[in-house]
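Data block below; observations after.
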Amino acid sequence: MAEATPTVAEALRGQFDQFTRAERQLADALLAHYPVAGLSSITALAETAQVSTPTVVRLVKKLGFSGYPQFQARLRAELAETISSPVAKHERWAGTAPEAHILNRFADAAIDNLHRTLSRFDTESFDAVAELLADTNRQIAMVGGRITRSLADYLFTHMQVIRDGLSLVPSTSSTWPHYLLSMRPGDVLVVFDIRRYETELIRFVEMARAREVTIVLFTDQWGSPAVKHAQYVFPCRIEVPSAWDSTMVMLFVVEALIAAVQTQRWETTRDRFNELEGLFDEARLFKKFT
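Everything in the sequence shown is counted per the UniProt record's numbering, starting at 1 for the first residue and increasing by one.
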């Protein structure tokens, strides 16, 4: 499968260390309000980032664009992708689908998503988040959207074996203020949000951040608007030949994160595992064959 073109956000993050100080300042401004910041005039963008217009031109060319109009055209195309309905996504894939069986096409796309995500993955952020989740002085909350709440549930269920001090925030937004009430500075909120980004979820993240909660965001390659409130962001590729997006890569990262936290807290986790097994036996939850 041919390598797909990275999003502008991926290119900005991937080349960030190669930029000048002014270009990094501009990149930060673009990522903080992505992709909307790049859809304004070149003068307005330069003023927002407090850099010169030549700096904007240089950065755009470093990203591989011939000029600002081509750069904006890419951003507009990306914006259209983030608001695509399931029907639109299906029609796009169906129009270019090869003859191979859907299992093979889906597997190729999913594996490509994994490779491309890991090729740009920030392992330092991963290690830092594992440290945060292992720190029992911090309360940890997890929340997801209409589809991604299953990932929040999965992370919560596994983390319950490893440590106390966890909460799974339900999808009913009317209950969210109750959860915010218990959040303290330094606590952690793990959020899952992919296109078409959910406005109530973004507002919840904003309110949690106002309470000095550390935000860990799992999102797609374009990036949820919640990015601007997050201290740690894990962009994962999600496109597959389907009307729905794939969360396989996110699940992979979540499972790796669970393994990392478990390793850090293995002595305690082992004791909790043993106690939990006793409770399973007492409740006769699983069938015994002996």
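Just so you know, even glycine gets a beta-carbon here, dropped at the ideal spot from N, CA and C. Remember, it's a predicted structure, so these values are computed and weren't measured experimentally.
Own chain residues within Cβ distance below 6 Å of residue i, not counting five before or after
i    : result
L279 : none
A230 : I215, L217
S173 : E200
D187 : R138, Q139, V213
D164 : none
H105 : For the sequence presented, residue 105 should be read as Arg rather than His. Closer than 6 Å at Cβ, skipping near neighbours: P241.
A60  : For clarity, residue 60 is Val in the given sequence; the question names Ala instead. The residues are Y68, F71.
Spatial neighbours of residue i in its chain, beta-carbon cut-off 8 Å, leaving aside the 5 residues before and after
i    : result
I42  : T53, V56, V57, Y68
M183 : Q139, A141, L189, A208, R211, V213
P185 : R211, E212, V213
A109 : M1, E239, V240, P241, S246
E131 : Q264
Reduced DSSP category for residue i - H, G, I as helix; E, B as strand; rest coil
i    : result
G14  : helix
S174 : helix
Y34  : coil
D285 : What sits at residue 285 in the sequence shown is Leu, not Asp. DSSP places L285 in coil when its eight states are reduced to three.
M250 : helix
F106 : helix
P6   : coil
S150 : helix
V56  : helix
Y179 : helix
F65  : coil
V156 : Reading the sequence as shown, one finds Phe at residue 156 and not Val. Helix at F156.
F71  : helix
V161 : helix
Whole-angstrom C-beta distance between residue j and residue i, which should lie under 8 Å
i           : j    : result
R74         : L39  : Not confirmed; about 11 Å, so no contact.
A219        : D193 : Sequence inspection shows Thr at residue 219; the Ala mentioned does not correspond to that position. At roughly 6 Å, the Cβ-Cβ gap stays under 8 Å, so T219 and D193 are in contact.
V51         : A22  : 5 Å
R196        : I83  : 5 Å
Y179        : S171 : Going by Cβ atoms, the distance from Y179 to S171 rounds to 12 Å, so no, they are not a contact pair.
residue 291 : L257 : Examination of residue 291 is not possible in this model, given that the chain is present from 1 through 290 alone.
Y232        : S119 : Between S119 and Y232 the Cβ distance is about 19 Å, and since that is not below 8 Å, they are no contact.
L79         : A11  : With a Cβ gap of about 16 Å, L79 and A11 do not count as contacting.
L133        : V254 : With 8 Å as the limit, L133 and V254 do not qualify as a contact, their Cβ atoms being about 11 Å apart.
V143        : F234 : Incorrect: roughly 15 Å between the Cβ atoms, too far for contact.
Same chain, Cβ closer than 7 Å to residue i, five either side skipped, listed in chain order
i    : result
T20  : none
V36  : none
E34  : According to the sequence provided, residue 34 is Tyr. The question's Glu does not apply to it. Excluding sequence neighbours, Y34 sits near A9, G223, V227.
A29  : A37, T48, A49
T7   : E78, Q221, W222
P225 : Y197, I202
T269 : V161, I162, Q262
CB contact below 8 Å: residue i versus chain D
i    : result
M183 : Considering every chain present, this structure includes no chain D. It has just one protein chain.
- Query: Whole beta strand (DSSP E) runs in the stretch 112-140 with 3 or more residues, listed along the chain?
  - Reply: none
- Item | Length-filtered (3 minimum) beta strand (DSSP E) runs lying within the stretch 204-229 | 214-219
- Message: Count Cβ pairs between the stretch 263-275 and the stretch 238-252 that sit closer than 8 Å; are there 3 or more?
- Response: no
- Message: Under 8 Å, with one C-beta from each stretch per pair, do the stretch 244-257 and the stretch 112-125 reach the 3-pair mark?
- Response: yes
- Item | Complete alpha helix (DSSP H) runs within the stretch 256-285 (minimum length 4 residues, chain order) | 266-283
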